[in-house]
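K.L.:
With full-length UniProt numbering, you'll find the sequence shown wraps up at 256, consecutive numbering, no jumps.
Okay, here's the structure, questions in a sec.
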Amino acid sequence: MLQKSGENNMPIIIDCIQGTEQWHQVRNGLITASLFEMVMAQKKQGQKTSKYHAVMRKLAGERITGKVVEEATTLSMRRGTELEPIARELYATLTHTEPQSVGFVLADDRMKGFSPDAFIGTNGLLEIKTKKPEILIPHFTQKSFPAEHKAQCQGGLWIAQREWIDLMLYWPDMPPLIKRAYRDEAYIRKLESEINHFNEALEIMVQQIQGAKTAESVRSQNDSEESISRQACERRGLSGAEKAKQSIGRERKEAD
């Protein structure tokens, strides 16, 4: 198995069906390859985007609660799910390969993951993207690998520790388009740095929220104890002066 860019151990293959409750649970609180483009994106001033911070808050919430935050399924997402098996079968026919469906690939550090559309042989990956004709057509004349999918695909190679990935752009009745990318070690090193920074900031956010929750719990307990003490005094009908006298009396007895 290929090991580069800080990889020391084998990735962990989770046997599950994508989209199921088990699949959602193993991804809970983790940054995944589909979000890597967002992590790499920056504003003109070099600042991170609002989506970057929104995703971090979402993942922090999942880590704290242990529950997956449900998201609405868009039409394009449903379409992709429906067309993916058809595209995978077509890929197998065109390339004379046997794509292996995989549920989830967990990185060796268990801090990030990837849901490949298939493993190809021992060194390859398959990523399928369904695109409407008006979006797909320009890619036929572009020799370069689609920039919008580079982070996800290189991230998949990094996490799964594989050498190459085929990106299949598909739409029914349109000619299929397959573009292959190999590991870009310089890019992967940069990606690794950004993802590590994201995870460090995410962990700090989780600790801060959990710390605030603990502090609030302590304050609430102290407030509750003071309230109980006041109520007990009120039930006994003691005024402030009487309480002071009782306190002085107790101190004198202790002194004697």
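Beta carbons: idealized from backbone N, C-alpha and C, even for Gly.
None of the values given here were measured: they were computed from a predicted structure.
Note down, in chain order, each residue of its chain lying with its Cβ closer than 7 Å to the Cβ of Phe140, except the 5 sequence neighbours on either side.
P.N.:
Leu177
K.L.:
Grouping DSSP H, G and I as helix and E and B as strand, with all else coil, what is Ser229?
P.N.:
Note that Ser229 scores a pLDDT of 48, beneath 50, so its modelled location is shaky; the value from the coordinates is reported in the next line. Ser229: helix per DSSP, three-state reduction.
K.L.:
Would you identify the three-state DSSP class for Val69, choosing helix, strand or coil?
P.N.:
Three-state result, Val69: coil.
K.L.:
Mind pulling the beta strand (DSSP E) runs of 3 or more residues that sit fully within the UniProt domain "YqaJ viral recombinase" (22-162)?
P.N.:
104-106, 112-114, 118-120 and 124-130
K.L.:
Please state whether the Cβ-Cβ distance between Thr93 and Ile120 is less than 8 Å.
P.N.:
no
K.L.:
Identify whether Ile17 lies in helix, strand or coil by the three-state DSSP scheme.
P.N.:
In the three-state scheme derived from DSSP, where H, G and I count as helix and E and B as strand, Ile17 is classed as coil.
K.L.:
What separation, rounded to the nearest whole angstrom, lies between the Cα atoms of Glu62 and Leu126?
P.N.:
29 Å
K.L.:
Give me, in chain order, the residues of the same chain whose beta-carbon lies closer than 7 Å to that of Gln25; leave out the 5 immediate sequence neighbours on both sides.
P.N.:
Val68
K.L.:
Consult DSSP for Pro11 and reduce its assignment to one of helix, strand or coil.
P.N.:
coil
K.L.:
Excluding the 5 residues flanking Ser115 on each side, which residues of the same chain have their C-beta closer than 6 Å to its C-beta?
P.N.:
Hits under 6 Å: Gln18 and Phe104.
K.L.:
Considering only their Cβ atoms, is the gap separating Arg88 from Asp109 smaller than 8 Å?
P.N.:
At a Cβ-Cβ threshold of 8 Å, Asp109 and Arg88 do not count as neighbours.
K.L.:
Taking the beta strand (DSSP E) that Asp166 belongs to, which residues open and close that run?
P.N.:
Trp164 to Tyr170
K.L.:
Gly113 and Arg27 look like a contact to me (Cβ under 8 Å); what is the Cβ gap, rounded to whole Å?
P.N.:
6 Å
K.L.:
For Lys129, count the other beta carbons within 10 Å of its own beta carbon; 16 or more makes it buried, fewer makes it exposed. Which is it?
P.N.:
buried
K.L.:
Determine the closest residue to Tyr52 out of Cys16, Ala186, Phe36 and Ser76, with distance taken between C-alpha atoms.
P.N.:
Phe36
K.L.:
Taking the C-alpha atoms as reference points, what is the distance between Ile12 and Val102?
P.N.:
11 Å
K.L.:
Taking all protein chains shown into account, decide if Met10 is buried (16 or more other Cβ within 10 angstroms of its Cβ) or exposed.
P.N.:
exposed
K.L.:
Between which two residues does the beta strand (DSSP E) harbouring Arg180 extend?
P.N.:
Leu177 to Tyr182
K.L.:
On the three-state DSSP scale, how would you describe Met205?
P.N.:
In this structure, Met205 counts as helix in the three-state DSSP scheme.
K.L.:
Taking Cβ to Cβ, would you say Ala60 is nearer than 8 Å to Val206?
P.N.:
yes
K.L.:
Distance, Cα to Cα, Gln208 vs Lys58?
P.N.:
Annotation: Gln208 to Lys58 spans about 15 Å, alpha carbon to alpha carbon.
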